[in-house]
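J.: In UniProt numbering, the protein residues as written are 1 to 233.
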Amino acid sequence: LHAILKPFLLRRLKVDVVTDLPPKKEYILYAPLTSEQKELYQATLDKGVHAYLKKKALDSLEKDEEEVEAVEDDKRKLRKRTKPAAAAYLLEDDDDTYFEALERGDYDIPEETEEERRKKERDAARKQAIRGVNNQHLQNVVVQLRKVCSHPYLFDWPAEPGTDECIVDETLVGGSGKMLLLERMLDELLKRGHIVLIFFQFTTMLDIIKRWLIHYKDWELCALIDLLPPGEA
Numbered sequence: 001l002h003a004i005l006k007p008f009l010l011r012r013l014k015v016d017v018v019t020d021l022p023p024k025k026e027y028i029l030y031a032p033l034t035s036e037q038k039e040l041y042q043a044t045l046d047k048g049v050h051a052y053l054k055k056k057a058l059d060s061l062e063k064d065e066e067e068v069e070a071v072e073d074d075k076r077k078l079r080k081r082t083k084p085a086a087a088a089y090l091l092e093d094d095d096d097t098y099f100e101a102l103e104r105g106d107y108d109i110p111e112e113t114e115e116e117r118r119k120k121e122r123d124a125a126r127k128q129a130i131r132g133v134n135n136q137h138l139q140n141v142v143v144q145l146r147k148v149c150s151h152p153y154l155f156d157w158p159a160e161p162g163t164d165e166c167i168v169d170e171t172l173v174g175g176s177g178k179m180l181l182l183e184r185m186l187d188e189l190l191k192r193g194h195i196v197l198i199f200f201q202f203t204t205m206l207d208i209i210k211r212w213l214i215h216y217k218d219w220e221l222c223a224l225i226d227l228l229p230p231g232e233a
């Protein structure tokens, strides 16, 4: 096929242009799946990836809520120790007087009101997490398995508790066999003074690698991402 198309292709090969370039050496390295990838891989094969992702998202939310609640409890205890007893709301006070005192912090907001607010926030976060999983198009099993083999964060990238910032720490590497292998290779190659080109078909995977290199490894890089459709590239 290449011989038939050769007269019609306006393309030059490296061997025709740079004659002193040594031949390419190709090494195929295999990266084993992590335990998290194995679970997600099996869930994808069993057509239960939606249920798996929902459970994982809700478990993560529950863990974050416990951490935030522990911090809030500590703050409340500190306020109770340092803040003088709140003044009682006198029946003869009018509404203006009450709200002015409330703004000054003379009255405590009832504990039930704060608990209700936190419950609404928890319910909203759970609905948003489930909606995020339901909005993912996971019908193509082959594509989903390729994503699993790349990184579980391609399905759900967890955020820092109480923020929308994606987590960038050691778990970003430890959750993917390819990332574990890539880290070992990059550390050694850059130590030897090599320049490295990383290619990936998933632009979202490149985003994971880019954030990891910039925010966690503190390395400089240049990212080239082609966002054109195949017919326009």
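Yeah, the Cβ is synthetic: ideal placement off N, Cα and C, and Gly gets one too.
If contacts are defined as beta-carbon pairs under 8 Å, then Y153 and L182 qualify, I think. What distance do you get, rounded to the angstrom?
T.: What you label residue 153 is simply residue 153 of the sequence shown in a count that begins at 1. What you label residue 182 is simply residue 182 of the sequence shown in a count that begins at 1. Contact doesn't hold; Cβ gap of about 14 Å is too wide.
J.: Going by other Cβ atoms of all chains shown within 10 Å of its Cβ, with 16 needed for buried, is V15 buried or exposed?
T.: Taking the sequence shown and counting its residues from 1, one reaches residue 15 at position 15. Counting Cβ neighbours within 10 Å, V15 comes out exposed, since fewer than 16 surround it.
J.: Is C149 helix, strand or coil by DSSP?
T.: In the sequence shown, residue 149 corresponds to position 149, counting from 1. In this structure, C149 counts as helix in the three-state DSSP scheme.
J.: When you compare only the Cα positions, how much space is there between W219 and Y30?
T.: For the purposes of this step, residue 219 is taken as the residue at position 219 of the sequence shown. For the purposes of this step, residue 30 is taken as the residue at position 30 of the sequence shown. Cα to Cα, W219 sits roughly 25 Å from Y30.
J.: Buried or exposed for F155, going by 16 or more other Cβ atoms inside 10 Å?
T.: Taking the sequence shown and counting its residues from 1, one reaches residue 155 at position 155. Classification for F155: buried.
J.: Should R117 be flagged as near chain C, meaning a C-beta pair shorter than 8 Å?
T.: Protein chain content of the structure displayed is limited to a single chain, and chain C is not contained in it.
J.: So, with DSSP's three-state summary, where would you put A159?
T.: Residue mapping note: residue 159 aligns to position 159 of the sequence shown, counting from 1. Correct three-state label for A159: strand.
J.: Is K47 near I130, with beta carbons less than 8 Å apart?
T.: As a position in the sequence shown, residue 47 is number 47, starting the count at 1. As a position in the sequence shown, residue 130 is number 130, starting the count at 1. No; because the gap between Cβ atoms is not below 8 Å, this pair is not in contact.
J.: From what residue to what residue does the alpha helix (DSSP H) around K210 run?
T.: Locating residue 210 in the sequence shown gives position 210, counting from the first residue. Run containing K210: T203 to R211, per the alpha helix (DSSP H) assignment.
J.: Pick out whichever of Y41, I214 and D207 has its Cα sitting closest to the Cα of L138.
T.: Start at 1 with the first residue of the sequence shown, and residue 138 comes out as number 138. Ranking Y41, I214 and D207 by Cα distance to L138 puts Y41 first.
J.: Look at the Cβ atom of V148, then the Cβ atom of Q37, and state whether they are nearer than 8 Å.
T.: Translated into the one-based positions of the sequence shown, residue 148 becomes position 148. Translated into the one-based positions of the sequence shown, residue 37 becomes position 37. A contact, by the Cβ cut-off of 8 Å.
J.: Would you kindly report the start and end of the unbroken alpha helix (DSSP H) that includes Q37?
T.: Here the question's residue 37 lines up with position 37 in the sequence shown. Start and end: S35 to L45.
J.: Could you spell out the range, first to last residue, of the alpha helix (DSSP H) harbouring T171?
T.: For the purposes of this step, residue 171 is identified with residue 171 of the sequence shown, where counting begins at 1. T171 -> alpha helix (DSSP H) spans E170 to G174.
J.: My assumption, with CB atoms under 8 Å, is that V196 sits in contact with L189. Please give the rounded CB distance.
T.: Counting from 1 along the sequence shown, the entry for residue 196 is found at position 196. Counting from 1 along the sequence shown, the entry for residue 189 is found at position 189. Correct: roughly 6 Å between the Cβ atoms.
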